[in-house]
Amino acid sequence: MSLTARDLGLFAIMGAVLAMVAMFQSPQLAITILNMSLISAIMALGVNMQWGYAGLFNVGVMGFTAVGGLAVVLVAQPPVPEAWAAGGLGILLGLMLGVATILAAVLVYKRMTPGKLRGLALFAVVAVGFFITSAVFGPAKQAVQSVNPASTGYLGGANLPVILSWPVGAVFAAGVAWLVGKVSLGLRSDYLAIATLGISEIVIAVLKHERWLARGVNNVTGIDRPVPRPVELQPQPWVQSLADTMGWSVSQTASIVSGLGYSVLFVIVLGILIWLAERALNSPWGRMMRAIRDNEVSARAMGKDVTRRHLMIFVLGSAVCGLAGAMMVSMDGQLTPGSYEPLRFTFLIWV
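Right under this line is the structure:
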């Protein structure tokens, strides 16, 4: 990747703006803006993989980002034993029954010949599966959500190191993208945009209303962080020494150091992703993707599986967005489903 004079000028302007914010407002605010800009850059890189490499118009970035954020809760938060005892197994059984219903419906659709009999069989499978799943899942969900709803009311997570949630967030988003891509990538670009936007709204609705999963609109707070909190840094002698040297308060210095720790992590991740993306773009695979983007008809005539390649790049780009979503939640220390808005997490990223 080569930087033009225009690129360098834009970076210089951004740096000057951040410096002015640090001087005239606060260094902490400037670092927060920098960190959010780095996360947004990672999201934009995922969108660029889809649109720039393959011409896929995905406006469901918000949904994949939220799925990545959910991964942080499921990986890093401690489990709630009372909730698991109240209805954890019932929820798992209900989810398994739901998946079994879907698989049975797909099997009926594929194995039976088209006609009224297939339609009736599909209706019967879906109806029976729905009622059985609801009978198992509904009471279990209510039992879990009734366990100390003021502070928990959900199953919790695996209590693993929070840094592991970043790749898990990418995997979760990739899995959702695979499901979305299997049913929507055959659509024309404008219909694909509508479909992905609608599906992202469905994802947010699930996060808001399924409180057993991540407390819904009650939010999950106190999530562990990959960088020490400012309050944990304040007693450190080197932080106090740095505060004396810079003429800052100890609390301000600890906040700045903590924020810069995130900046270093985010720059490393962004640099690795850019390097991998450039390597892929300049490889035979990248040339094939550009050929598919420029002329699908010719690519199909040359024997390329366009649908499969579109699905591949859709999954990869969404995984990057999920990674960014996990990074953002781990930095904030909380998951707030109500804060996910298309303007911020989709259209601003496209801009």
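Going by my numbering, the sequence shown opens with residue 3, and the numbers climb by one from there. Here a beta-carbon is modelled for each residue, glycine too, at the ideal position from N, C-alpha and C. Predicted model only: the values in this text are computed from it and were never measured.
Query	Result
Only counting runs of 4 or more residues, tell me where the alpha helix (DSSP H) segments fall wholly within the stretch 231-298, in order along the chain.	232-235, 239-248, 252-283, 286-296
As an exercise, report each continuous alpha helix (DSSP H) stretch of at least 4 residues that is fully enclosed by the stretch 147-209, in chain order.	167-186
Enumerate in chain order the residues of its own chain whose CB-to-CB distance from Met45 is below 7 Å, with the five nearest sequence positions on each side excluded.	Val63, Thr67, Cys323, Ala326, Ile351
If you draw a straight line from the C-alpha of Arg311 to the C-alpha of Leu181, how long is it?	15 Å
Could you tell me the alpha carbon to alpha carbon distance between Pro83 and Ile225, rounded to whole angstroms?	18 Å
Cutting at 6 Å between CB atoms, please list the residues of its own chain near Met330, excluding the five before and the five after it.	Ile41
State the DSSP-derived secondary structure class of Pro339, mapped to helix, strand or coil.	helix
Contact check, Leu157 vs Ala85 under 8 Å by CB: the rounded distance?	5 Å
Given that a residue counts as buried once 16 or more other Cβ atoms are within 10 Å of its Cβ, and exposed if not, what is Asn37?	buried
On the premise that Leu337 lies in contact with Ala216, defined as a C-beta separation below 8 Å, what is that separation, rounded to the nearest angstrom?	6 Å
Kindly indicate the opening and closing residues of the alpha helix (DSSP H) around Ile15.	7-26
Under the DSSP definition of a beta bridge, which residues are partnered with Val222?	Leu337
What residues match up with Pro81 in a beta bridge as DSSP calls it?	Gly158
What do you get for Thr255, buried or exposed, if any count of 16 or more other CB atoms within 10 angstroms of its CB means buried?	buried
So Ser191 and Phe59 are supposed to be a Cβ contact under 8 Å. How far apart are they, rounded?	4 Å
Where does the unbroken alpha helix (DSSP H) through Asn50 begin, and where does it stop?	29-56
Contact between the stretch 285-294 and the stretch 125-143 is defined here as three or more beta-carbon pairs at a separation below 8 Å; is this criterion met?	no
Can you tell me where the alpha helix (DSSP H) with Gly100 in it begins and where it stops?	91-113
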